[in-house]
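*Asks:* First the structure, which I've put down as structure tokens, then a few questions once you've had a look.
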Amino acid sequence: MTLAIIGGSGLAKIPKLEIIGTQALKTPFGIPSADYVFGKLHGKKIIFLSRHGNPHRIAPHKINYRANLWGLKELGVTRIIAVAAVGGITRNMAPAHLAIPDQIIDYSYGREHTFFAENDAAVQHIDFTYPYSQPLRAGLINAAASINLPVSPIATYGCTQGPRLETTAEIIRMERDGCDLVGMTGMPEAALARELELSYASLAVVANWAAGKSAGEITMAEIERHLEKGMANAMTLLTEFVTAKG
Ligand code: HPA
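Number 284 marks the last residue of the sequence shown (my numbering); no jumps.
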């Protein structure tokens with residue numbers, strides 16, 4: 039039941055991870071974003087991967103999601119918590135808030151998004167009715183409740199292409215579609231995990247109000263400030279989760 043944490047913007051490293059070792063991997067789909075880091079978080083073994091590389095250098099549409107997930111599978115990982123910075127669209131999704139999304143709408147394009155592309159004979163159509171692992175989501179939600187950390191247990195994540203942020207009209211459309219959050223890396227990561235039969239849940243950290251949801255433009259300084267606070271809460275939650283669930 040090896041657990042992996044994939045870190046996104048604002049989480050290229052886990053501050054309190056006691057590092058045991060690292061491993062570089064080559065996969066049939068290319069090279070993952072970074073070396074896999076083996077470590078202990080509060081005494082519990084985990085594997086960590088920095089989605090954007092370490093240091094942060096790979097744009098969302100350039101990430102080799104297939105290599106990242108394939109490598110985790112090869113290392114024996116069965117459960118993944120994917121931490122992701124997002125913009126907040128709906129009322130409760132204020133900067134620094136945490137959410138455990140339960141649904142996805144994919145607006146990204148042109149990404150390598152399946153392991154079943156190589157051989158027509160082997161195409162499989164995975165079920166994706168519920169894109170995230172319910173037991174993993176419940177574990178995160180329970181861990182948050184046990185330390186009185188407010189999280190939204192239901193949220194729809196809209197995945198845009200990036201790397202630019204959205205226009206106001208795009209966010210209005212996404213809200214109409216039912217999106218609560220907007221990010222750039224949730225897909226194809228979640229679907230690839232499902233193709234490999236890995237349990238996968240996302241821990242979304244709101245970095246900013248999405249375009250047009252607050253006065254003025256979105257600045258990187260604002261994003262970084264909120265992410266710092268949100269990621270600190272995300273780490274508290276992850277630590278509680280690993281110690282509660284093993
Ligand atoms: N849009 C898309 N992705 C993001 C945002 C945003 O506003 N903030 C952090 N990741």
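For glycine and all other residues, C-beta sits at the position ideal for the given N, C-alpha and C.
1) Would you check if the distance between the CB atom of ALA287 and the CB atom of HIS264 is smaller than 8 Å?
2) If you draw a straight line from the C-alpha of LEU275 to the C-alpha of ILE256, how long is it?
3) Given 7 Å as the limit, tell me if LEU87 has its C-beta closer than that to any heavy atom belonging to the ligand HPA.
4) Decide if THR198 is buried, meaning its Cβ has at least 16 other Cβ atoms within 10 Å, or exposed.
5) For LYS100, count neighbouring Cβ atoms within 10 angstroms of its own Cβ and tell me buried if that reaches 16, exposed if not.
6) Just jot down, in chain order, the residues whose CB lies closer than 7 Å to any heavy atom of the ligand HPA.
7) Do you know whose CA, among THR128, PRO169 and ARG149, lies nearest ILE143's CA?
8) According to DSSP, simplified to helix, strand and coil, what is ASN246?
9) Run the CB neighbour count on PRO93, radius 10 Å, all protein chains shown included, and call it buried at 16 or more, exposed below.
10) Nearest-angstrom Cα distance between LEU30 and TYR238?
11) If GLY109 sits next to THR65, beta carbons under 8 Å apart, how far is it from one beta carbon to the other, in whole angstroms?
12) With DSSP collapsed to three states, give me the class of ALA62.
13) One question on the structure: do ILE192 and GLY250 come within less than 8 Å of each other, judged by their Cβ atoms?
14) The alpha helix (DSSP H) that contains LEU49, what's its start and end?
15) Do you know offhand how far THR167's Cα is from ARG214's?
16) I'd like the list of long-range same chain contacts for SER146, defined as Cβ closer than 6 Å, with 5 residues on each side in sequence excluded.
17) Can you tell me the Cα-Cα spacing of ILE85 and THR40, whole angstroms?
18) GLY46 and HIS90 look like a contact to me (Cβ under 8 Å); what is the Cβ gap, rounded to whole Å?
19) Quick check on this structure: which residue in ALA253, ALA242 and ALA155 has the alpha carbon closest to the alpha carbon of THR194?
20) For ALA72, tell me which candidate among LYS82, GLY221 and ASN102 has the shortest Cα-Cα distance.
21) Just grab the DSSP bridge partners of ALA42 for me.
*Replies:* Taking the coordinates as given:
1) Outside the modelled stretch of the chain, which goes from 39 to 284, sits residue 287, for which no answer is possible.
2) Taking the straight line joining both Cα atoms gives about 27 Å.
3) Not under cutoff, so the answer is no.
4) Buried, by the Cβ-count rule.
5) It is exposed - the Cβ of LYS100 has fewer than 16 other Cβ atoms within 10 Å.
6) After applying the 7 Å Cβ criterion, the set is SER47, ALA123, VAL124, GLY125, THR198, GLY200, LEU203, GLU204, VAL220, GLY221, MET222, ALA245, ASN246, ALA248, ALA249, ILE256 and ILE261.
7) Residue nearest to ILE143 within the set THR128, PRO169 and ARG149 is PRO169 (criterion: CA-CA distance).
8) Three-state result, ASN246: strand.
9) By the neighbour-count criterion, in which a residue is buried when 16 or more other Cβ atoms sit within 10 angstroms of its Cβ, PRO93 is exposed.
10) Nothing can be reported for residue 30, as the shown portion of the chain is limited to 39 through 284.
11) Going by Cβ atoms, the distance from GLY109 to THR65 rounds to 5 Å, so yes, they are a contact pair.
12) Assigned with DSSP and collapsed to three states, ALA62 falls in coil, not helix or strand.
13) ILE192 places its beta carbon 8 Å or farther from that of GLY250.
14) Where LEU49 is concerned, there is no enclosing alpha helix (DSSP H), given that its DSSP letter is neither H nor E.
15) Pairing THR167 with ARG214, the inter-Cα distance amounts to about 20 Å.
16) Excluding residues within five positions, the ones whose Cβ falls inside 6 Å are CYS197, GLN199 and MET225.
17) Between ILE85 and THR40, the C-alpha separation is close to 8 Å.
18) Yes, they are in contact, since the Cβ atoms of GLY46 and HIS90 sit about 7 Å apart, within 8 Å.
19) Nearest of ALA253, ALA242 and ALA155 to THR194, Cα basis: ALA242.
20) Between ALA72 and the set LYS82, GLY221 and ASN102, the nearest pair of CA atoms involves ASN102.
21) ILE85 and ILE118, per the DSSP bridge assignment.
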